[in-house]
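Worksheet for the structure shown next.
Residue numbers (this note's numbering): 682 to 855.
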């Protein structure tokens, strides 16, 4: 009878929709990642050089695949989990960099209706117009957008991309 119970739990875990993943399951890659992986991923997102960043992305893939296997995720869900982790870890690292430059990530989220609890349009809906909206919001908040450095604009764009990856991944886990 004990084995029957274990098989039933395994069957339930396999059949459970990804949306039912506990926050701890979503956090697996964040907890299992080696120190500094989030910063290296942020560098890849900011640079937009996925070819040169391939070793870092491969490292994340190893971490997310281990976590996905533990959660009995399908191949499609594994890819979605990778996108989620890439975006989440990228956001975590980019947030501190934005703050160091005096840019509010919360202002970006509110302006574009992205981030936790917001609409979060898919990544293919991210446009250059989004940067114009952020520039306008910065101006309204008292920051002169003309004084924002190119490095800060790159971080703002990376924040938007990381957020889109994170929420695309979450949607695709369903």
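Using N, Cα and C, we set each Cβ at its ideal position, and we do this for glycine too. The structure displayed is predicted, hence computed values, not measured ones.
The alpha helix (DSSP H) enclosing residue i, as first and last residue numbers
{"i": "residue 851", "result": "831 to 853"}
{"i": "residue 770", "result": "756 to 781"}
{"i": "residue 712", "result": "709 to 713"}
{"i": "residue 737", "result": "735 to 751"}
{"i": "residue 727", "result": "718 to 728"}
C-beta atoms of residue i and residue j nearer than 7 Å
{"i": "residue 774", "j": "residue 759", "result": "no"}
{"i": "residue 847", "j": "residue 734", "result": "no"}
{"i": "residue 841", "j": "residue 817", "result": "no"}
{"i": "residue 770", "j": "residue 724", "result": "no"}
{"i": "residue 763", "j": "residue 792", "result": "no"}
{"i": "residue 778", "j": "residue 738", "result": "no"}
{"i": "residue 851", "j": "residue 765", "result": "yes"}
{"i": "residue 854", "j": "residue 761", "result": "yes"}
{"i": "residue 752", "j": "residue 706", "result": "yes"}
Contacting residues, own chain, Cβ-Cβ under 6 Å from residue i (five flanking each side not counted)
{"i": "residue 845", "result": "804 and 807"}
{"i": "residue 839", "result": "726, 727 and 775"}
{"i": "residue 736", "result": "none"}
{"i": "residue 709", "result": "748"}
Which listed residue (the options) has its alpha carbon closest to that of residue i
{"i": "residue 814", "options": "741, 747, 784 and 789", "result": "789"}
{"i": "residue 826", "options": "782, 853, 741 and 756", "result": "782"}
{"i": "residue 821", "options": "796, 831, 752 and 785", "result": "785"}
{"i": "residue 809", "options": "709, 705 and 834", "result": "834"}
{"i": "residue 787", "options": "757, 819, 802 and 756", "result": "819"}
{"i": "residue 797", "options": "731, 729, 849 and 755", "result": "849"}
Other residues of its chain near residue i: CB distance less than 7 Å, five sequence neighbours each side excluded
{"i": "residue 843", "result": "726, 768, 771, 772 and 775"}
Cβ shell of residue i (< 8 Å), same chain only, five flanking positions each side left out
{"i": "residue 794", "result": "800, 801 and 802"}
{"i": "residue 686", "result": "Because residue 686 carries a pLDDT of 37, less than 50, the predicted location of this residue cannot be relied on, and the following value inherits that uncertainty. Nothing meets the Cβ criterion."}
{"i": "residue 741", "result": "710, 714, 718, 722, 763, 766, 767 and 770"}
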